[in-house]
Amino acid sequence: MDNVVRLRARLVIPVATSTIADGVVTIRNGSIAEVAACSDRDGVLDLGNVAILPGLVNAHTHLEFSDLARPLGHSGAPLVDWIRDVIAQRVDRGDERRVEAAIQAGLDECVRTGTTTIGEIATDGWRGVSPYRAAVRATAFRELRGMSPERVETARAAAEEHLAEDGRRSWRPGLSPHAPYSVADALVDEAVALSASRGAPLAMHLAESLEEIEFMRTRGGAFRTLLDDLRAWHAAALAPECAPIDYLRRLAGASRALVVHGNYLDAESLEFLAAHAERMALVYCPRTHAYFGHPVHPAAELLRRGGVVALGTDSRASNPDLDMWAELRFAAQHHPDLRPQDVLQMATLGGAKALGLAESIGSLLGGRRADLTVVATTGRAIGDVEQLVASDDTRVVATIVDGALRFVDRDWGETLGEQARRWIAPSM
Ligand SMILES: [Zn+2]
């Protein structure tokens, strides 16, 4: 027998189509059957003064740091100093069990704060996560690093091993050549070739700091000093000089590429991303961007050119939490160049497009999977998208993946009517 649930909300925001005041989302067997105005309340579960939106997509996380109580280093620190802190932190913990526990804590935090899909940079700890059913949809991009031929070979083998998990796990494998200062040209090419032949998405940090741009141009500066200190510098591993656009041209050979950060991408690079919007997207991490004190991010500029922008929290090593609703609100409040609707789009459909999942998630359309985030306000009635996204008194009260409740706020649940309470009861 079909499992049908009809959820009514003061505001239903499909993102891909117009917002509906007093709308109903009908879920059948884990998929969205219909989204429409509420015409009759028979058999409808009334969720009250809430907005239903597509499940939030956190396109960039490193959950291995989810047990950190506060970010590493200090706000405004040079990125290279922060990376030294991250390396020390990794050495410090060592124990793979601890990393697994941090990843699990991160998955739990994501689902509690409205995220239904993540793009995760995976290190060894993900091997331990595999037996669990991830509460959210995850694309696990295997982190690849290495400059020397030996390290490149080890990373290549790790990439093959990771991709071999396709279809065997609750998560989908992808690859992540880490960044221009940590990956040999040969390893980027290997990753791109594997991505193209296996259809696996690829994510790479790019143009995050001015020091990185300087390293590309001169092979000197703070990143060169870091590599020398780590005895990781191999002159033969990299072209004598390059620029972000050179990496973009190479990443365009992947089946799909997420360019992470891009804080210092120039007009030519943005134009390239826009021209390749079918398969390339930029991931903007607003609070991490602010933590390092970078100038205004080019997200709005890329949208204007027709490119795809997704949002990410990055990790708790540079962000106080993994709360995507807080991330979205921060972006809306700090970007006069972006409309709240644009920010919401980036956090849902933009992320789905970036990950190549827009046919199944990211918007509330008939036939899509029923991944929903429910947001409530304390106090006044929900008015429109602008108010919802930008105001301080909103919070996620429920997270639904494949039509199943994965999180319910207990206090909010108590306020619902009898029928709706009965539906959420097993999850409370
Ligand atoms: Zn990152």
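All you need for the numbering used here is the position in the sequence shown, starting with 1, plus 1249.
Every residue, glycine too, gets a C-beta built ideally from N, C-alpha and C.
- Counted as a single uninterrupted DSSP element, the stretch harbouring I1301 is not any alpha helix (DSSP H) but the beta strand (DSSP E) occupying residues 1299–1303.
- Note on geometry: alpha-carbon atoms of V1634 and R1588 lie some 10 Å from one another.
- Not one heavy atom of ligand 1 sits closer than 6 Å to the Cβ of D1570.
- Here DSSP, grouped into helix, strand and coil, assigns Y1513 to coil.
- The alpha-carbon of L1654 is positioned some 38 Å away from that of A1404.
- The criterion of a C-beta distance shorter than 7 Å is not satisfied by I1649 and R1259.
- By DSSP's assignment, H1454 forms a beta bridge with V1509.
- Shortest gap from the CB of D1563 to any heavy atom of ligand 1: under 6 Å.
- Spatial neighbours of R1505 in its own chain (CB-CB distance under 6 Å, excluding positions within 5 residues in sequence) are listed in chain order as P1450, R1528, G1605.
- In the same chain as G1628, and ignoring 5 residues on each side of it, the C-beta atoms closer than 8 Å to its own belong to D1642, in chain order.
- When beta bridges are read from the DSSP output, T1643 appears opposite T1626.
- In terms of Cα proximity to D1291, the closest of A1674, Q1668, S1676, P1675 is Q1668.
- Counting every other CB atom within 10 Å of its CB across the protein chains shown gives P1544 a total below 16, marking it as exposed.
- If the five residues before and after A1445 are omitted, its C-beta is found closer than 7 Å to the C-beta atoms of G1502, A1503, S1504, all from its own chain and listed in chain order.
- A Cβ-Cβ contact shorter than 7 Å links F1579 with R1536.
- The DSSP-derived three-state label of F1656 is strand.
- By alpha-carbon distance to L1614, the top candidate from A1603, D1330, T1597, A1625 is T1597.
- Beyond the five residues adjoining it in sequence on each side, A1601 comes within less than 6 Å, by CB distance, of V1306, A1607, I1610, G1611 in the same chain, given in chain order.
- Counted as a single uninterrupted DSSP element, the alpha helix (DSSP H) harbouring F1472 occupies residues 1471–1478.
- When the five nearest sequence neighbours on each side are left out, the beta carbons in the same chain lying within less than 6 Å of the beta carbon of G1279 are those of A1619, D1651, G1652, in order along the chain.
- If one requires a minimum length of 4 residues, the alpha helix (DSSP H) runs lying completely within the segment 1309–1376 are 1328–1342, 1345–1361, in chain order.
- Annotated as distal: T1388 and R1418, with beta-carbon spacing of 7 Å or more.
- In terms of Cβ geometry, G1511 and L1455 form a close pair [threshold 7 Å].
- By the CB criterion at 7 Å, V1284 and L1256 fall outside the cutoff.
- Per DSSP, the beta-bridge partners of A1270 are L1260.
- Counting along the chain, no alpha helix (DSSP H) covers A1526, and no H or E run does either.
- Counting only the Cα atoms, V1253 lies some 10 Å from V1293.
- Cβ contact annotation for T1268 (same chain, cutoff 8 Å, sequence separation greater than five): L1260, V1261, I1262, D1633, V1634, in chain order.
- DSSP places P1422 in the uninterrupted beta strand (DSSP E) bounded by 1421–1426.
- DSSP places G1556 outside both helix and strand once states are collapsed to three, so it counts as coil.
- Between the alpha carbons of G1322 and Y1430 lies a distance of about 20 Å.
- Distance from the Cα of I1336 is smallest, within the candidate group A1484, A1300, L1476, V1645, for L1476.
- Burial check for T1266: the Cβ neighbour count within 10 Å stays below 16, so the residue is exposed.
- In the same chain as V1432, and ignoring 5 residues on each side of it, the C-beta atoms closer than 7 Å to its own belong to L1393, R1394, G1395, P1426, in chain order.
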